[in-house]
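Participant:
Chains as they are written, first to last, in this note's numbering: chain B, 9 to 258; chain P, 130 to 479; chain W, 10 to 273.
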């Protein structure tokens, strides 16, 4: 029995180290991009454009909350590119020696108040979030959006009591969209992506924060050429696409 | 006390149509082959199975009458039921099993336990009060089941194959005890069995049930002396014929004629004991008036006798000595002559 | 040796079985290896952790109690009553076992949320809102865990020899006495197994809870939610909490097998 287990373990570890077949076209082959959840729609569109420019390439995306992505990378997940929703998490990636080269900011985002379509509760600004008749929810403080929201509220001197600290912005948007909550603070891009299901209330620039999205090639990249090409494409041709989704250029 | 039951119901392929009256003066045994509807009848009396037609009445109180839409549910009928495999509650102690009926009927815990203990005492089970049923022997379980059924002082006691779950070695002893307890019970006692010995030993009156209908009833002596169905004839071990008697001759339903000494006429049953059947190598000379050729089909040893099945104009079973089997060379079968004295043909009206 | 002869394991079978076992054991080994044992006590006694643990226990036990109250009668109906559409109804009520829990959470919102079918009425008539409340957590946990109890108890009822109930009735026991003193005690092993299984499922509930009840420490943040959110900020602490959940579940499964499911 002992022998069998050892054998099984040997087979397992052998499977784990099978090398990826080398590709003749350096830009071709699989390209794995780990990107923050708020980039989901935008990066899918950018990926389409990249594939049109480099037909032999095959970009695949893993969208999740930035800290989740960071944990996955720290645990050895194989990826070529990491796009973070904030600088601190990118810095953690750099400190963990995961990044090759210097991270570059490719987009910025701002916060907006998300409300039910048509804004039935007549929310006009941050101060209204503390109203007793407004059911306010936000993101957990460890999520970048939640951290930014806390900064914005602190800056405006507003102290609403959230009913829930959602695990990501999608949770906030969907609960406001379903009418379970009256308002939340999310990215401008999230409101735009959910157009029709929710409405947005602009937060004046004076009260707002600018969220920078840095991107970097990863040290363990299996396809470094394609990783660099993707980043270059994003910084040049991808900008218009990003703006279409509500991001602003850095 | 009296029970009057007319039970008509259909259960799957079984059509049950039984009329039965019983009093507390006698123990009645419902005897019949498997599948005859004996258990079904008991369940109907208990209200576990609704009847389609008829009436069930105990001491003038109607339990069930479909026409008048009367139905007293099982739990409100004053009955005791001993099931074939006893169905003692495995999660309760012996004492709690016996006290269950009293507790269910509203007796307080202490009073119920006290009376349950009395019953355990009466049935020599006092030492097992705290035991679980599955730690008891078969005979002890049977007594617990009896105590449980009797503890509520039922007026009608129903026992379904009370000895069938026991092995042969303990059956005789348990049967003796059961007979004693049945005798001391002051209510109507109705038991069901497929074992004629059990029925004869325990009951004052037998009711034979076959294929959902009563074929015969009477004291054990009456029933065994005058079988009215092949089933009973087989149980008793005699040859049974049916036919029309006239002028000392019996014309059998299955064909053939038997001479008889009895003056009875009309539609009759006739019984010939196998010991009264003689077998010969050659056609016998002399007095027997019933002589015919046949063929020995099989020999079976029963104790110190051999039962020979003979087919022919009239097929029957003969009982001879094993020595005769050798002399006649019957072991391998073969032609024989059969003779039966006219005085050995017992006839009674059908 | 009085032991029965040990069956010889064919090599191919042994390898596959070993792979199968390793697939489950390795992740657990990973958790054990990476858990920062030095910080274990700090992580476990942090007020956040204790809040989540307390809430998890209260909510999962309440969910189990509700499952027993509603699930046993439901199992009884499935086992004993013939009616058209019974199989469909059984399938519908056991759907949460195979449904992604998040979908279950959305369905709960659509039924009991502020705009939900019943929730709208609840809010207007009584001012009751369920999302973002501990009651909402209990509902989400009950929703995903009750089917385990219903199926287990139904199986127990079906395998019960009903003649015991008939015996009780001949002894004068009415419907409720039969249920309380015969039926339920006789299916006690199924009841217990069903309750423990559904409790374990409720304890580990994540998707339906976060979707329906949101996440707020002390109110709706149960252990699994705390584990998930800690993974983003303090992964080491989340490993410790994961191990706590794991130990509880393991103890339940091992105990259940030995006591009630019969070990071979």
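Every residue, glycine too, gets a C-beta built ideally from N, C-alpha and C.
Using the three-state DSSP reduction, which class does residue 310 of chain P fall into: helix, strand or coil?
Facilitator: Helix.
Participant: Do residue 227 of chain B and residue 107 of chain B have their C-beta atoms closer together than 8 Å?
Facilitator: Their beta carbons are under 8 Å apart, which means residue 227 of chain B touches residue 107 of chain B by this criterion.
Participant: Can you confirm whether the region 87-95 of chain B touches the region 54-63 of chain B when touching is taken to mean that 3 or more C-beta pairs between the two stretches lie within less than 8 Å?
Facilitator: No contact exists between the region 54-63 of chain B and the region 87-95 of chain B.
Participant: Taking all protein chains shown into account, do 16 or more other C-beta atoms lie within 10 angstroms of the C-beta of residue 359 of chain P, making it buried, or fewer, making it exposed?
Facilitator: Its Cβ having fewer than 16 others within 10 Å, residue 359 of chain P is exposed.
Participant: Shorter than 8 Å from the beta carbon of residue 202 of chain W to some beta carbon of chain P?
Facilitator: No, because no Cβ of chain P sits closer than 8 Å to the Cβ of residue 202 of chain W.
Participant: Listing by chain order, which chain W residues have their CB less than 7 Å from the CB of residue 208 of chain P?
Facilitator: Within chain W, the residues near residue 208 of chain P are 179.
Participant: What are the residues in the region 167-199 of chain W lying within 9 Å of chain P by C-beta distance?
Facilitator: So the list reads 170, 172, 173, 175, 176, 177, 178, 179, 180, 181, 182, 183, 184, 186, 187, 190, 191, 194, 195 and 197, given in the order they occur along the chain.
Participant: Count the other C-beta atoms from every protein chain shown that fall within 10 angstroms of the C-beta of residue 56 of chain B, then say buried if there are 16 or more, exposed otherwise.
Facilitator: Residue 56 of chain B comes out exposed.
Participant: Starting from residue 242 of chain W, find everything on chain B with Cβ-Cβ shorter than 7 Å and list it in chain order.
Facilitator: Going along chain B in sequence order, the residues near residue 242 of chain W (Cβ under 7 Å) are 75 and 150.
Participant: Between residue 146 of chain P and residue 341 of chain P, is the Cβ-Cβ spacing less than 8 Å?
Facilitator: Contact flag set, yes.
Participant: Return no unless some Cβ of chain W is closer than 8 Å to the Cβ of residue 216 of chain P.
Facilitator: By this cut-off, residue 216 of chain P is an interface position.
Participant: Here's a check: name, in chain order, each residue in its chain whose Cβ is nearer than 6 Å to the Cβ of residue 223 of chain P, leaving out the five neighbours to either side.
Facilitator: Correct list, in chain order: 257, 258, 260 and 273.
Participant: For the region 150-157 of chain P against the region 316-325 of chain P, do three or more pairs of beta-carbon atoms, one drawn from each stretch, fall closer than 8 Å, so that the two count as touching?
Facilitator: Output reads yes: the region 316-325 of chain P touches the region 150-157 of chain P.
Participant: Roughly how far, in whole angstroms, is the beta-carbon of residue 68 of chain W from the beta-carbon of residue 143 of chain W, given that I think they are within contact range, below 8 Å?
Facilitator: Between residue 143 of chain W and residue 68 of chain W the Cβ distance is about 6 Å, and since that is below 8 Å, they are a contact.
Participant: Less than 8 Å between CB atoms is the rule here; does residue 139 of chain B satisfy it with respect to chain W?
Facilitator: No, because no Cβ of chain W sits closer than 8 Å to the Cβ of residue 139 of chain B.
Participant: Taking CB distances under 8 Å as the criterion, tell me whether residue 229 of chain W reaches chain B.
Facilitator: True, the Cβ-Cβ gap to chain B drops below 8 Å.
Participant: Exposed or buried, which one is residue 154 of chain W when buried takes at least 16 other CB atoms within 10 Å?
Facilitator: Counting Cβ neighbours within 10 Å, residue 154 of chain W comes out buried, since at least 16 surround it.
Participant: Using only the heavy atoms of the ligand GDP, determine whether one of them is closer than 7 Å to the beta carbon of residue 335 of chain P.
Facilitator: This structure simply doesn't include the ligand GDP, nor any ligand for that matter.
Participant: Quick one: Cα of residue 158 of chain W to Cα of residue 270 of chain P, how far?
Facilitator: The alpha-carbon atoms of residue 158 of chain W and residue 270 of chain P are separated by roughly 34 Å.
Participant: Leaving out the 5 sequence neighbours to the left and right, which residues in its chain are closer than 8 Å to residue 234 of chain W when beta-carbon positions are compared?
Facilitator: Same-chain partners within the cutoff: 61, 215, 218, 219 and 224.
Participant: According to DSSP, is residue 145 of chain B part of a helix, a strand, or is it coil?
Facilitator: DSSP places residue 145 of chain B in strand when its eight states are reduced to three.
Participant: Buried or exposed: where does residue 110 of chain B fall if 16 or more other Cβ atoms within 10 Å of its Cβ makes it buried?
Facilitator: Classification of residue 110 of chain B: exposed, given that the 10 Å Cβ count is below 16.
Participant: Count the C-beta pairs between the region 401-412 of chain P and the region 441-456 of chain P that are closer than 8 Å, then say yes if the count reaches three, no if not.
Facilitator: Judged by Cβ distances under 8 Å, the region 401-412 of chain P makes contact with the region 441-456 of chain P, as three or more pairs qualify.
Participant: Please compile the residues from chain W whose C-beta is within a distance smaller than 8 Å of the C-beta of residue 79 of chain B.
Facilitator: Ordered by position in chain W, the residues that pass the 8 Å Cβ test against residue 79 of chain B are 240, 241 and 244.
Participant: Less than 8 Å between the CB atoms is what I'm expecting for residue 206 of chain B and residue 181 of chain B, so what's the real figure, rounded?
Facilitator: Contact flag correct, Cβ pair sits at about 6 Å.
Participant: Counting pairs of Cβ atoms below 8 Å between the region 110-121 of chain B and the region 221-240 of chain B, do you hit three or more?
Facilitator: Enough Cβ pairs lie closer than 8 Å, so yes.
Participant: When you compare only the Cα positions, how much space is there between residue 308 of chain P and residue 302 of chain P?
Facilitator: Answer to the nearest angstrom: the Cα atoms are 10 Å apart.
Participant: By the criterion of Cβ-Cβ separation under 8 Å, what are the contact partners of residue 8 of chain B in chain W?
Facilitator: There is simply no residue 8 of chain B to check, as chain B begins at 9 and stops at 258 in what is shown.
Participant: From this set, P:335, P:202 and P:282, which residue's C-alpha is nearest residue 350 of chain P's C-alpha?
Facilitator: Measuring from the Cα of residue 350 of chain P, the nearest candidate turns out to be P:335.
Participant: For a test of the three-state rule: what should DSSP assign to residue 213 of chain P, helix, strand or coil?
Facilitator: Correct three-state label for residue 213 of chain P: coil.
Participant: Check each residue of the region 224-251 of chain P: if its Cβ is closer than 7 Å to any Cβ of chain W, include it; give the result in chain order.
Facilitator: Listed by position, the residues of the region 224-251 of chain P near chain W (Cβ gap below 7 Å) are 229, 230, 233 and 234.
Participant: On the DSSP bridge assignment, give the partners of residue 195 of chain B in chain order.
Facilitator: Per DSSP, B:119.
Participant: Who are residue 298 of chain P's beta bridge partners in DSSP?
Facilitator: Residue 298 of chain P pairs with nothing; no bridge assigned.
Participant: Pull up the DSSP beta-bridge partners for residue 322 of chain P, would you.
Facilitator: Partner(s): P:160.
Participant: Please list, in chain order, all residues of the same chain as residue 71 of chain B whose beta carbon is under 6 Å from its beta carbon, the five residues on each side excluded.
Facilitator: Cβ within range, chain order: 43, 45 and 48.
Participant: Hey, how far is the Cα of residue 120 of chain W from the Cα of residue 97 of chain W?
Facilitator: C-alpha separation (whole angstroms): 20 Å.
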